[in-house]
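Structure, as structure tokens:
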Amino acid sequence: MNNEIDEITASKVTVEIIDKKTGKLFRRTLPMDYRETYTGIKLSGENLNGEPSDIVFFSEKGIAKLKDLSGQGSDNPSCNDHGSLEK
């Protein structure tokens, strides 16, 4: 049985910051959707006009996958020469 977590999701996010001026710690719980996978983190909520808005932070693996999908990746297959035209 595989116990590895493939995805983390939540409907609230708690943000902690340390104010530059006072050095005090502030914590806020915000109503936004959170989704984390191996490709990165996606935050979903509303902008100042009440419209849906997303912010995405890509991991290194996520950036590499985007490059591959857009034709900017390496010309080498990623697993054991699958897709190789040489026989």
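Residue numbers (the working numbering): 1 to 87. All residues carry an ideal CB built from backbone N, CA and C; glycine is no exception.
8 Å Cβ cutoff met for residue i and residue j
i	j	result
Thr37	Thr14	no
Arg27	Glu7	no
Phe88	Leu69	Within the shown structure, residues of the chain are numbered from 1 to 87, placing residue 88 beyond reach of any answer.
Pro31	Gly50	no
Three-state secondary structure (DSSP) of residue i
i	result
Ile63	helix
Leu69	helix
Thr22	coil
Ser44	strand
Asp6	coil
Residue interval of the beta strand (DSSP E) (run including residue i)
i	result
Glu52	Looking at the sequence itself, residue 52 is Pro, so the reference to Glu does not match. Where Pro52 is concerned, the enclosing beta strand (DSSP E) stretches over 52–58.
Inter-residue Cα distance where the pair is residue i and residue j
i	j	result
Lys61	Leu48	32 Å
Asp33	Thr39	17 Å
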